[in-house]
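Since the structure comes first, as structure tokens, the remarks are kept for the end.
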Amino acid sequence: MAFPERFSNLPDYAFPRLRALLSGIEPGLKAKEAPTVLTIGEPRHPMPDFVSDVMARHIHEFAKYPSNEGTPELLGAIRTWLTRRYDIDVAPDRIMALNGTREGLFNAALALCPETKNGQVPVVLVPNPFYQVYAVAAASVQAKPLFVSATPETGNLPDYEHLPVDVLNRTAIAYLCSPANPQGAIASPEYLRRLIGMAETYDFLIFADECYSEIYRDAPPAGALAVATEMGLADRVVMFNSLSKRSNLPGLRSGFAAGSAANIAQMRRLRSYAGAPLSLPAQRVSEAAWLDEEHVSDSRAMYQRKYQIADRVLGNLPGYRPVDGGFFLWLPVEDGEEAAIRLWSQAGIQVLPGAYLSRDVDGANPGRGFIRVAMVADETQTETALIRLREVLYDDV
-14 MAFPERFSNL
-4 PDYAFPRLRA
6 LLSGIEPGLK
16 AKEAPTVLTI
26 GEPRHPMPDF
36 VSDVMARHIH
46 EFAKYPSNEG
56 TPELLGAIRT
66 WLTRRYDIDV
76 APDRIMALNG
86 TREGLFNAAL
96 ALCPETKNGQ
106 VPVVLVPNPF
116 YQVYAVAAAS
126 VQAKPLFVSA
136 TPETGNLPDY
146 EHLPVDVLNR
156 TAIAYLCSPA
166 NPQGAIASPE
176 YLRRLIGMAE
186 TYDFLIFADE
196 CYSEIYRDAP
206 PAGALAVATE
216 MGLADRVVMF
226 NSLSKRSNLP
236 GLRSGFAAGS
246 AANIAQMRRL
256 RSYAGAPLSL
266 PAQRVSEAAW
276 LDEEHVSDSR
286 AMYQRKYQIA
296 DRVLGNLPGY
306 RPVDGGFFLW
316 LPVEDGEEAA
326 IRLWSQAGIQ
336 VLPGAYLSRD
346 VDGANPGRGF
356 IRVAMVADET
366 QTETALIRLR
376 EVLYDDV
């Protein structure tokens, strides 16, 4: 059976591409050294200490079918968190529990993207570089993805404002990640207001991927749904968040979407046929995690100390930009693939070439001259790795 044509232009996922790039290359390690993997955004800080107790108390609930959209208690905990974090009141019928944000970011397109927009194939706006699920979601609904460069010249956020009017008139969905993966840039309230105003003018939805929202250097990032609520345009935004980064629980696969009652109802309707709800024990752990902030503050402080380490070790490099949020460094290099090979062969350090997170547009790839470095290890390991990385890649600076 042939692979569907709409998926034929999707490149291989980033990590299989990296494995192929490094295949057959021996890592440059000293005796008893282990490779240092700085590729995947898997938090390694301690998970909350209450997880095992909550799971044990509710282990018997594996014997029950779970609630599709989330238990009333979990939806209430998320509602409480949204009020505490953003000072907005989001009723339970405007919230939906997810198996991590990737499920929601994909299925929201299936549920909410129209088949046509003004009589034409709809356009889905995607920042470039980007989290790869955005592109496959656009392909799944047979929309036209438009990859909009997010580079240092645009503040590492997509410049959707200067797109042609005919493109905006066809736009059905605009994806936005803030803090951005991989660049760590944060959308200001002013940026969000302009984008939300565009969504109202040109009648499209914003899918706001905010899973890094609780990892930041200084002030908490603004939330797209909160800004839209202030503008009276909450129906223009569906926001997504999860416990993977916030609470160091990537294996729990627990997140949520929040938006207007009508949009969430459509997503719930689709999920009732095709979704995979969280188990009840996982929902109980999630409820406890959203209600607790102490473990989040402790973890954020560790990331902030690693920001300071990165600034100290790499801060005087040409093109270095301090991280505003998230836990990735987006480091300028001559060529991302060549840099990844050098780091692996000379130091046993794995990083991700930036081109693997980006798409070629008109022969140019905005990620080609970068590598992504995940600062998920502890502070000592992070500092050791960054010093070695500098020695290998920037020894002449």
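Sequential numbering of the sequence shown, starting at -14, is according to this note's numbering. By construction, the Cβ of each residue, glycine as well, lies at the ideal position given by its N, Cα and C atoms. Given the structure is predicted, the values throughout are model-derived calculations rather than measurements.
To the nearest angstrom, how far is it from the Cα of residue i to the Cα of residue j?
| i | j | result |
| --- | --- | --- |
| R4 | P20 | 14 Å |
| V126 | L210 | 24 Å |
| P28 | Y292 | 15 Å |
| L299 | Y305 | 7 Å |
| N103 | E146 | 20 Å |
| S383 | R64 | No information on residue 383 is available, as it lies outside the stretch -14 to 382 that the chain covers here. |
| E323 | A184 | 40 Å |
| D144 | C98 | 22 Å |
| R221 | I10 | 49 Å |
| L190 | A370 | 41 Å |
| R42 | A242 | 27 Å |
| D277 | I80 | 19 Å |
| F355 | P303 | 13 Å |
| H30 | D363 | 7 Å |
| P262 | N301 | 47 Å |
| Y119 | N226 | 15 Å |
| Y288 | A359 | 11 Å |
Is residue i near residue j, with beta carbons less than 7 Å apart?
| i | j | result |
| --- | --- | --- |
| E368 | I294 | yes |
| Q251 | A349 | no |
| G310 | Y197 | yes |
| I171 | P206 | yes |
| V223 | G244 | yes |
| P351 | T186 | no |
| A128 | F91 | no |
| S284 | A267 | no |
| Q331 | G13 | yes |
| A247 | V39 | no |
| E46 | L265 | yes |
Take the Cβ of residue i as the centre, count every other Cβ of all protein chains shown within 10 Å, and call the residue buried at 16 or more, exposed below.
| i | result |
| --- | --- |
| F132 | buried |
| S282 | exposed |
| S37 | exposed |
| I334 | buried |
| Q105 | exposed |
| Y176 | buried |
| A204 | exposed |
| K17 | exposed |
| K421 | Look at the range of the chain in this structure, -14 to 382, and you will see that residue 421 is not part of it. |
| G339 | buried |
| Y258 | exposed |
| A82 | buried |
| P164 | buried |
| R290 | exposed |
So who's on the other strand from residue i, going by DSSP bridges?
| i | result |
| --- | --- |
| F192 | Y160, V223 |
| N113 | S134 |
| R179 | Its beta-bridge partners do not exist; DSSP assigns none. |
| A349 | V346 |
| G339 | Paired residue(s): none; G339 is not in a bridge. |
| I334 | T21 |
| G310 | Y201 |
What residue range is occupied by the uninterrupted beta strand (DSSP E) comprising residue i?
| i | result |
| --- | --- |
| M81 | 80 to 83 |
| R202 | Element bounds for R202: n/a, residue is neither H nor E. |
| I249 | It is not in any beta strand (DSSP E) - I249 instead sits in the alpha helix (DSSP H) that spans 246 to 259. |
| I356 | 355 to 359 |
| G240 | 240 to 243 |
Starting from residue i and walking both ways along the alpha helix (DSSP H), at which residues does that stretch end?
| i | result |
| --- | --- |
| V318 | Where V318 is concerned, there is no enclosing alpha helix (DSSP H), given that its DSSP letter is neither H nor E. |
| G281 | The question names Gly, but residue 281 in the sequence shown is Val. Its alpha helix (DSSP H) spans residues 279 to 299. |
| G61 | 57 to 71 |
| S271 | 265 to 276 |
| P1 | -1 to 7 |
| V152 | 150 to 155 |
| V118 | 118 to 125 |
| D38 | 36 to 42 |
Step through the CB atoms of chain C and report whether any lies within less than 7 Å of the CB of residue i.
| i | result |
| --- | --- |
| E322 | No chain C is present in this structure, which holds just one protein chain. |
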